[in-house]
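As structure tokens, the structure follows; a few thoughts come after it.
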Amino acid sequence: MRLILADMPLTKYERPPPLQKAVLKDELVFLEQINPKGSTALFKIRVGERVLLLKMFRNKEVSLENYRKREEAPPHPMKRFERESDAYAHLQHYGACEAGAVPKCYGWLELSVQDMDAIAALPGIDVRWQHLKDDEKPPKALLIEFFEGAQRLSTQTITLAVADAALRALYHVHASYIVHSDVYGRNTLVLPEGRVVWVDFDASWAVWRSSGDTPVRRQDLFDELARAWTHFYDELVRERVVADDISHLLTYTIVARQTDRFYPLAVLITYIALRQCCMLSLLLPVYYAETDSRSDASTNWSGARNLLDQTLRTLQET
């Protein structure tokens, strides 16, 4: 409690210049919408020879028809635009973009009537983006580095190396005096070469926005890092380990059924092992709470995996 209430300000902070408006010599060519069902419009575009990502923020109040209370609705898109453009100004200034921890940002712009027509003409475009010209003010957008073949971080893409890379990349975000505020796998991209980058900074907070209700202090950065560690290691990695072990056991059971060798025994072993996996997944959080020792818990979990692997090897050699 003392740590939470303590005054631990970030003393070396200097607010960087705002993100510059993009100056383009070539027209925007809209290629496709990236997330048709997402709440934020993302488009793959081409500017000259470069392929980029355009993140659009509609300059219009969010409709409340899908929300029971006004408090449940997301903030005005222009507030989200201001937060994300401010975040990229910090990330560029303090070197997170250059370090590869986040995408490079090439500035912001207001969409022209021609741009809005091009969006409306895209095949399968969501109805929400077909009538942008009817708004009183044009949308604003950010031009961001596009990563071909990138995947969202999930139980399918997580590994120990990926989790480690994600935390190291988050350190660069924090070293830029930015609190991401939404440290989950959906806001993390795994690139084909294994690099991990953080995206979606429209809920972030810079140090200069710090207030009594939303402070940005050293312990707030530590707290976000701890929450990211918990999400990646305690949740995603553990779920991946359980899924892998179950997959291996089921594969062996299928093979045993096809050869009719030791099939009853394989079914029994699989059943017991599945129960062990389920019990471990339930008991590990309790173990953490009782011992407060992640290294001990990791050792026990590794031992459980080794036991299952040894059982499989014994069966396969029989």
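The opening residue of the sequence shown carries number 3 in the working numbering; numbering runs sequentially from there. Ideal placement from N, C-alpha and C gives every residue a C-beta, glycine not left out.
To which residues does DSSP link residue i through a beta bridge?
| i | result |
| --- | --- |
| C99 | Answer by DSSP bridge pairing: none, since C99 is not bridged. |
| W110 | K23 and L144 |
| A91 | Partner(s): none; A91 has no beta bridge. |
| A1 | Because the chain spans 3 through 320 in this model, residue 1 falls outside it and cannot be assessed. |
| V53 | R48 |
Can you tell me whether DSSP reads residue i as helix, strand or coil?
| i | result |
| --- | --- |
| Y15 | coil |
| Q116 | helix |
| Y290 | Bear in mind that the predicted position of Y290 carries a pLDDT of just 33, short of 50, making it unreliable; the figure below should be weighed with that in mind. In the structure shown, Y290 sits in a helix (DSSP, three-state: H, G or I). |
| R60 | coil |
| Q22 | coil |
| V243 | helix |
| L124 | coil |
| C279 | Model confidence at C279 stands at a pLDDT of 49, short of 50, so the residue's coordinates are unreliable and nothing is read from them. |
| R48 | strand |
| E329 | This structure gives no information on residue 329, because the portion of the chain shown stretches from 3 to 320. |
| V129 | helix |
| P79 | helix |
| E29 | coil |
| T232 | helix |
| R219 | coil |
| Y273 | A caution first: Y273 carries a pLDDT of 47, below 50, which makes its placement in the model unreliable, though a value can still be read off. Y273: helix per DSSP, three-state reduction. |
Between residue i and residue j, how many whole angstroms is the CB-CB distance? I'm expecting something under 8 Å.
| i | j | result |
| --- | --- | --- |
| P38 | D119 | About 19 Å; that fails the 8 Å criterion. |
| V192 | L155 | 5 Å |
| A143 | F32 | Not quite, the Cβ-Cβ distance comes to about 11 Å (not below 8 Å), so this is no contact. |
| L44 | K57 | 6 Å |
| T161 | Q153 | With 8 Å as the limit, T161 and Q153 do not qualify as a contact, their Cβ atoms being about 12 Å apart. |
| V209 | V104 | Going by Cβ atoms, the distance from V209 to V104 rounds to 17 Å, so no, they are not a contact pair. |
| L124 | E34 | 7 Å |
| A230 | L172 | 6 Å |
Which ranges would you report for the beta strand (DSSP E) in the region 133–210 if only whole runs of at least 3 residues count?
142–147, 190–192 and 198–200
The region 176–194 contacting the region 203–215, beta-carbon criterion three pairs below 8 Å:
yes
Counting pairs of beta carbons, one from the region 90–107 and one from the region 211–223, are three or more of them closer than 8 Å?
no
Is the region 113–122 touching the region 144–161, taking contact as three or more C-beta pairs under 8 Å?
no
Is it a yes or a no for the region 80–91 touching the region 166–174, going by three-plus beta-carbon pairs under 8 Å?
no
Between the region 102–112 and the region 18–33, do at least 3 Cβ pairs fall closer than 8 Å?
yes
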